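Participant:
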Amino acid sequence: MTKKPARKILSFSTTMRNPKRIGQFLAVLGKFENQILKSSTIMQIIKSVLAHRLYRPTSINQNKELKEKFDSNEYIFSDEELERIIEISPQNHKEMGFEHGWESRFDTWYKLMCEFGFCYYAKYEKILISDSAKMLILAHYDKENDAFKESVDESVVGAIFLNALSKYEVGNPYKKNLNHNNPFKLLLSLLKRLKNAHLTPLSVKEIPILLCWKDDNANGLYDYIIRLRQEIVTINKTEFSYSDEFIYEKCLNLLESVNKTRFKMSQITNEAVDEYIRKMRITGLISLRGNGRFIDINTNESNKIDYILQTHKAFKGDYLNDTQANRLAFFNYMAIVDSFLVSVTPISTDESVKSSKLNELATTYTKDFIKQELLITCNKQESKDSFLRLIDKPLRLEFLSAIFLKQHFENLSVMPNYKSDDEGLPVYTASGNKPDIVAMDTKAQSYIEVSLIRDRSQSTLEMIPIARHLKELIKNSTDIREKFSVFVAPNIHDDAKEYAGFAHFKDNINIRCYAINDFIKKVENSAELLQLNDNPKA
538 MTKKPARKIL SFSTTMRNPK RIGQFLAVLG KFENQILKSS TIMQIIKSVL AHRLYRPTSI
598 NQNKELKEKF DSNEYIFSDE ELERIIEISP QNHKEMGFEH GWESRFDTWY KLMCEFGFCY
658 YAKYEKILIS DSAKMLILAH YDKENDAFKE SVDESVVGAI FLNALSKYEV GNPYKKNLNH
718 NNPFKLLLSL LKRLKNAHLT PLSVKEIPIL LCWKDDNANG LYDYIIRLRQ EIVTINKTEF
778 SYSDEFIYEK CLNLLESVNK TRFKMSQITN EAVDEYIRKM RITGLISLRG NGRFIDINTN
838 ESNKIDYILQ THKAFKGDYL NDTQANRLAF FNYMAIVDSF LVSVTPISTD ESVKSSKLNE
898 LATTYTKDFI KQELLITCNK QESKDSFLRL IDKPLRLEFL SAIFLKQHFE NLSVMPNYKS
958 DDEGLPVYTA SGNKPDIVAM DTKAQSYIEV SLIRDRSQST LEMIPIARHL KELIKNSTDI
1018 REKFSVFVAP NIHDDAKEYA GFAHFKDNIN IRCYAINDFI KKVENSAELL QLNDNPKA
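Here you go:
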C-alpha cells in the first residue's frame, strides 16, 4: 500500500556533506555516462569509488594488509583486492528500487546528486550526466592523469551549486513531501524583507521554521517570523531567547504532526540547521552575522540575489509523483544551466573590510582559543564553536592561521587571500594561483601556505607551487626584505622536507615546513616574522 504523502522537514543528505565529495563522486559516475545501469555496472562504479578511496568501509580496519594499502594513496588496488574489500564489507542497507547491500549503498551516495540535477539513473536505464555536473567534474578532476585536483576554484563550485539551489524544490519526485517551495528563493526573499525593514537578520534559531514551511508564501513567512519575535520577547523579555523546545513545538505544528519519534528535536533544531546553512553558504550569497548567530544576504552579490528573486522558475510536473518518468522530467528541469548564475565574476571584496575584520577577531578571540581551534581543525576533531563549525575545514585553516599570526606579531601585516563576504568573513579558499596568506613587516616578507594533506602528495601538490610562487616573489621584488615561505600541515611528510632541502640547494630559497604543533610553538616563541625562517641570510 502506498504511503500517504505527509509534511516533512527539509533535510539534505549528510552522506554528501562536502561539495568536494560530490564533485569527486560525480567524476567516478561520469565515466559510465550513457551506460545502462545494471547490477554489474553498479559494482564497477562501487569498485571505482573504493579505488579512489572516496568511501572507506569500517571492515578495512580489521584487515591489516588491506588497511595499510588503503592508507597509502599511492597504492593501486587490483580488481581482486577490490572484490575482497566488497566481500568483507557487507552493507546492511536497503533503498527502494535497489537490491539490499552494496546496490543500495550506491543509491545512498548518488541520490542527492539526482535531486540537484547533476545525474539521473534507474535500474536498466541509461546513466545521464548533466552539463552542470560536467562543470563540477572539470573543477575537481584531472582527466588526463586520472586524479583529483587538490586545488579547486571554490567560486566555480559555488556558482554551480547556486545554479542548482536557485531551482531546487522542497517536495520533488525524489522526496514525497506535502510541503512545496523553493527554499533558497524563500530564504533570500525573507532576508531581503528583513533588511529593507531595517530589522535584525534571521536568527539561526529561527531557521527550523523555514525548514518546515509549507509553501512559497514569503509574505506569510515574514509575518510569522515577526510574530515569533514578538512572542518570545513577551515571554522572556529578551530578543531571540528561543529555547529548542519552544521552536520544536512551533515546527511540529507547521508539520501538522505530534510524532516526536518521526521528528526528533535534535534533528529539527540542530542537525538539519547546520546542513542547511552549509548548503546555502556554498552559493556565496549568504553571510554570517553576529559570530554565526544570524544569517543575512551578502550585499556584494546583490545582482545575483535580485536576479533570482525576479526570475520565475518552477518544475511543471507533479511533485508528488515519484515515477521514473517524472523523476527524469525533474532532472531535465534541474539540469538547465543558467549562464548568468554560473558566470564567475570576481567577488568585489574591499580588502580593507577583510583586514578590519581580521584585526577585530584577533582581539575578540583569545590566543589560546585560536590555538585550540587550529589543533581541532588539523586533528579531525569537531569544533563546538557555533561560527567556526559552519566553515569548511580547509577554509577554516586559512582563516585561523591568519588570525593566529595577527595575534602574535604586533607590527605584522597579514593579508589572507581567501575570498570574503561584505563583512570580511571567509567564503571560499584562496585560488590556486595565489598564496594562502601574505605576511610582512619591515624585515621580512613570507608566503604562508596551509594544507590538511598528510601524505607524500604534499611534495607535488603543495611544495612545487610554493617554490614557484616564492621564486616569482624574489624575482619581482624591489626591496631588501628577507623572502621565504612557510608550509603548515597536520604533519610533514619526509618527501616534503626533502623537497624543501632540494629547493634550497637548487634555487637558494627557503621553505620552512611545520607540523601544526611545531608551527604553534614556533610562533609563540618568536618575537618577529623573520624568526620563522629556517635559514635567515646573514
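At the far end of the sequence shown sits residue 1075, using the numbering used here, and the numbering has no gaps. A virtual CB, placed ideally from N, CA and C, is assigned to each residue, including glycine. Only a predicted model underlies this, so the values are computations on that prediction, with no experimental measurement involved.
Would a C-beta distance cut-off of 8 Å place Ser794 and Arg544 closer than the cut-off?
Facilitator: As a first step, residue 794 must be located in the sequence shown, where it is residue number 257. As a first step, residue 544 must be located in the sequence shown, where it is residue number 7. For Ser794 and Arg544, yes; Cβs fall inside 8 Å.
Participant: Nearest-angstrom Cα distance between Ile819 and Tyr711?
Facilitator: Walking along the sequence shown from the start, residue 819 turns up at place 282. Walking along the sequence shown from the start, residue 711 turns up at place 174. C-alpha separation (whole angstroms): 22 Å.
Participant: Under a three-way DSSP split, which group does Phe1056 fall into?
Facilitator: The residue labelled residue 1056 in the question sits at position 519 within the sequence shown. If DSSP states are grouped into helix, strand and coil, Phe1056 belongs with the helices.
Participant: Would you tell me roughly how many angstroms separate the C-alpha atoms of Met553 and Leu649, rounded to the nearest one?
Facilitator: Translated into positions along the sequence shown, residue 553 becomes position 16. Translated into positions along the sequence shown, residue 649 becomes position 112. The straight-line gap from Cα to Cα measures roughly 8 Å.
Participant: Report yes if the CB atom of Gly821 is closer than 8 Å to the CB atom of Tyr965, and no otherwise.
Facilitator: In the sequence shown, residue 821 corresponds to position 284, counting from 1. In the sequence shown, residue 965 corresponds to position 428, counting from 1. Contact: yes.
Participant: Restricting to Cα atoms, I'd like to know which of Val693, Leu675 and Ala696 is closest to Lys686.
Facilitator: Looking up residue 686 in the sequence shown gives position 149. Measuring from the Cα of Lys686, the nearest candidate turns out to be Leu675.
Participant: Report back the beta-carbon spacing between Ser920 and Glu910 to the nearest angstrom; my notes put them in contact at under 8 Å.
Facilitator: To locate residue 920, count along the sequence shown from 1; it is residue 383. To locate residue 910, count along the sequence shown from 1; it is residue 373. Between Ser920 and Glu910 a beta carbon distance of about 6 Å is seen, short of the 8 Å cut, so the two are scored as contacting.
Participant: So Pro953 is in the alpha helix (DSSP H); what residue range does that whole segment cover?
Facilitator: Along the sequence shown, one-based indexing puts residue 953 at 416. First-last for Pro953: Ser950 to Pro953, but that is the beta strand (DSSP E), not the alpha helix (DSSP H).
Participant: Evaluate Leu536 with the Cβ neighbour count: other Cβ atoms within 10 Å of its Cβ, from every protein chain shown; 16 or more gives buried, anything less gives exposed.
Facilitator: An answer regarding residue 536 cannot be provided, because it is not within the stretch 538 to 1075 covered by the chain.
Participant: Going by DSSP, name the residue or residues bridged to Leu739.
Facilitator: Position 202 of the sequence shown, counting from 1, holds the residue named residue 739. Its beta-bridge partners are Ile832.
Participant: Our contact map puts Leu1076 next to Pro720 with C-beta atoms below 8 Å; I'd like the distance itself, whole angstroms only.
Facilitator: Any property of residue 1076 remains undetermined from this structure, which presents the chain solely from 538 to 1075.
Participant: Could you spell out where the beta strand (DSSP E) holding Met977 opens and where it closes?
Facilitator: For the purposes of this step, residue 977 is taken as residue 440 along the sequence shown, with counting starting at 1. Its beta strand (DSSP E) spans residues Ile974 to Met977.
Participant: With DSSP as the reference, label Ala1026 as helix, strand or coil.
Facilitator: By 1-based counting over the sequence shown, the position of residue 1026 is 489. Three-state result, Ala1026: strand.
Participant: Looking at C-alpha atoms only, which residue of Asp1044, Asn629, Val693 and Ile1001 is the closest neighbour of Asp1032?
Facilitator: Here residue 1032 corresponds to residue number 495 of the sequence shown, with the count starting at 1. Nearest of Asp1044, Asn629, Val693 and Ile1001 to Asp1032, Cα basis: Ile1001.
Participant: Can Ile985 and Asp973 be called in contact, C-beta distance under 8 Å?
Facilitator: Within the sequence shown, the letter at position 448 stands for residue 985. Within the sequence shown, the letter at position 436 stands for residue 973. Their beta carbons are under 8 Å apart, which means Ile985 touches Asp973 by this criterion.
Participant: My assumption, with CB atoms under 8 Å, is that Glu566 sits in contact with Ile664. Please give the rounded CB distance.
Facilitator: By one-based count along the sequence shown, residue 566 stands at place 29. By one-based count along the sequence shown, residue 664 stands at place 127. First, the amino acid is wrong: residue 566 is Leu here, not Glu. Yes, Leu566 and Ile664 are in contact; Cβ-Cβ is about 7 Å, under 8 Å.
Participant: Check Arg1005 in the structure and name its three-state DSSP category.
Facilitator: Along the sequence shown, one-based indexing puts residue 1005 at 468. Note: Arg1005 maps to helix in three-state DSSP.
Participant: Quick one: residues in its chain with C-beta nearer than 6 Å to the C-beta of Ser899, no 5 flanking neighbours on either side, listed in chain order?
Facilitator: Mapped onto the sequence shown, residue 899 falls at position 362. Note on residue identity: the sequence assigns Ala, not Ser, to residue 899. So the list reads Ile940, Lys943 and Gln944, once near-sequence residues are dropped.
Participant: Considering Val964, what are the terminal residues of the beta strand (DSSP E) in which it resides?
Facilitator: Here residue 964 refers to the residue found at position 427 of the sequence shown. Looking at the DSSP string, the run of the beta strand (DSSP E) that includes Val964 is Pro963 to Tyr965.
Participant: Phe549 and Lys816: beta carbons closer than 8 Å?
Facilitator: Locating residue 549 in the sequence shown gives position 12, where the first residue counts as 1. Locating residue 816 in the sequence shown gives position 279, where the first residue counts as 1. Against a cut-off of 8 Å, the Cβ pair of Lys816 and Phe549 comes out as a contact.
Participant: Using only the alpha-carbon positions, how far apart do Ser892 and Tyr902 sit?
Facilitator: In the sequence shown, counting from the first residue as 1, residue 892 sits at position 355. In the sequence shown, counting from the first residue as 1, residue 902 sits at position 365. If you take the alpha carbons of Ser892 and Tyr902, they lie about 15 Å apart.
Participant: So what's Glu812 in DSSP terms, helix, strand or just coil?
Facilitator: Start at 1 with the first residue of the sequence shown, and residue 812 comes out as number 275. If DSSP states are grouped into helix, strand and coil, Glu812 belongs with the helices.
Participant: Please give me, in chain order, every unbroken run of the alpha helix (DSSP H) with length at least 4 that falls completely inside the stretch 715 to 739.
Facilitator: 720 to 733
Participant: Are Tyr785 and Lys742 closer than 8 Å when you measure CB to CB?
Facilitator: As a working mapping, residue 785 is identified with position 248 in the sequence shown. As a working mapping, residue 742 is identified with position 205 in the sequence shown. The answer is no: Cβ separation not under 8 Å.
Participant: To the nearest angstrom, report how far apart Glu611 and His589 are at their CA atoms.
Facilitator: For the purposes of this step, residue 611 is identified with residue 74 of the sequence shown, where counting begins at 1. For the purposes of this step, residue 589 is identified with residue 52 of the sequence shown, where counting begins at 1. Straight-line Cα distance between these residues: approximately 10 Å.
Participant: For Asn869, which option in Asn1047, Leu619, Lys631 and Ala701 has the closest C-alpha, if you only look at C-alpha atoms?
Facilitator: Taking the first residue of the sequence shown as 1, we reach residue 869 at position 332. Distance from the Cα of Asn869 is smallest, within the candidate group Asn1047, Leu619, Lys631 and Ala701, for Ala701.
Participant: Using only alpha-carbon positions, find the residue among Leu574, Phe946, Ala1004 and Gln804 that is nearest to Tyr658.
Facilitator: The count along the sequence shown starts at 1 and reaches residue 658 at position 121. Comparing Cα positions, the closest option is Leu574.
Participant: Near Ser585, what residues of its chain come up, given a Cβ to Cβ distance below 8 Å and the 5 sequence neighbours on each side ignored?
Facilitator: To locate residue 585, count along the sequence shown from 1; it is residue 48. Hits under 8 Å: Val565 and Lys568.
Participant: Counting Cβ pairs closer than 8 Å, one from the stretch 789 to 807 and one from the stretch 740 to 755, do we hit at least three?
Facilitator: yes
Participant: Using beta-carbon positions only, say whether Glu652 and Asn598 come within less than 8 Å of one another.
Facilitator: The residue given as residue 652 occupies position 115 in the sequence shown. The residue given as residue 598 occupies position 61 in the sequence shown. Not in contact: Glu652 and Asn598 (Cβ atoms no closer than 8 Å).
Participant: Is it the case that the Cβ atoms of Leu937 and Leu1066 are separated by a distance below 8 Å?
Facilitator: Numbered from 1 along the sequence shown, position 400 holds the residue referred to as residue 937. Numbered from 1 along the sequence shown, position 529 holds the residue referred to as residue 1066. Not a contact, by the Cβ cut-off of 8 Å.
Participant: Looking only at C-alpha atoms, which of Cys749, Asp679 and Asn1062 sits nearest to Leu791?
Facilitator: In the sequence shown, the residue the question calls residue 791 occupies position 254. The shortest Cα separation from Leu791 among Cys749, Asp679 and Asn1062 belongs to Cys749.
Participant: Are the CB atoms of Val1025 and Val975 within a distance shorter than 8 Å?
Facilitator: Numbered from 1 along the sequence shown, position 438 holds the residue referred to as residue 975. Numbered from 1 along the sequence shown, position 488 holds the residue referred to as residue 1025. Contact: no.
Participant: Applying the criterion that 16 or more other CB atoms from any shown protein chain within 10 Å of the CB defines a buried residue, is Lys541 buried or exposed?
Facilitator: Reading the sequence shown from its first residue, position 4 is the one you call residue 541. Exposed, by the Cβ-count rule.
Participant: Given a threshold of 16 other Cβ atoms within 10 Å of its Cβ, counted over all protein chains shown, does Glu888 qualify as buried or as exposed?
Facilitator: Counting from 1 along the sequence shown, the entry for residue 888 is found at position 351. Taking a 10 Å sphere around the C-beta of Glu888, we find fewer than 16 other C-beta atoms and assign the residue as exposed.
Participant: Is it buried or exposed, Glu1061, if we count other Cβ atoms within 10 angstroms and call 16 or more buried?
Facilitator: Within the sequence shown, the letter at position 524 stands for residue 1061. That one is exposed.
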